[in-house]
Amino acid sequence: MSPQTDAEATNVVAEDLVAIDGYNEPTNMEFPDGGRQAWIVVAGSFVAHFVVYGAVYSFGIYNSYYNNLQIGSAFQVAMIGSVGPGVLDGIGILSGFLAERFGYQPMIFIGSIILSLGLLLSSFTITIPYLILTQ
């Protein structure tokens, strides 16, 4: 019996495990092609994530603007940008339930309207409670 190196011993053990498990790696996998409709869904998802998370991640610009306006303390201004992502994550449970019940397209439409109105209305106010509510 010839001495084996560590690499050879590892290969033998790996081969034995594959033989024991009976796992055969698929060699000929086919993926469905959704065509144009699938790429439209991908583009729509990109735009939705760009708008929603773009507003959340760019709050630093708003933060310095609101601090320069001196509409409240630094803590109060920071709460404008902190409450939004928390509500966004928390309301995901409710919106997921509603989407399964009423369908995804109506919920996306309603969410788009709410997001647009919130950003539009936030441009008309400089009070902390309304900015928390709209942003």
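In case it helps, our numbering puts the sequence shown at residues 556 to 690. Just so you know, even glycine gets a beta-carbon here, dropped at the ideal spot from N, CA and C.
query = In three-state terms, what does DSSP make of residue 589?
reply = coil
message = Let me confirm a value: residue 674 is counted as buried when at least 16 other C-beta atoms fall within 10 Å, else exposed. Which label applies?
response = exposed
inquiry  = Considering just the uninterrupted stretch of the alpha helix (DSSP H) at residue 689, what are its terminal residues?
reply    = 683-689
message = For residue 664 and residue 629, I'd like the C-alpha separation in whole angstroms.
response = 35 Å
message = How far does the alpha helix (DSSP H) with residue 613 in it extend, from its first residue to its last?
response = From DSSP, residue 613 is part of no alpha helix (DSSP H); its letter is neither H nor E.
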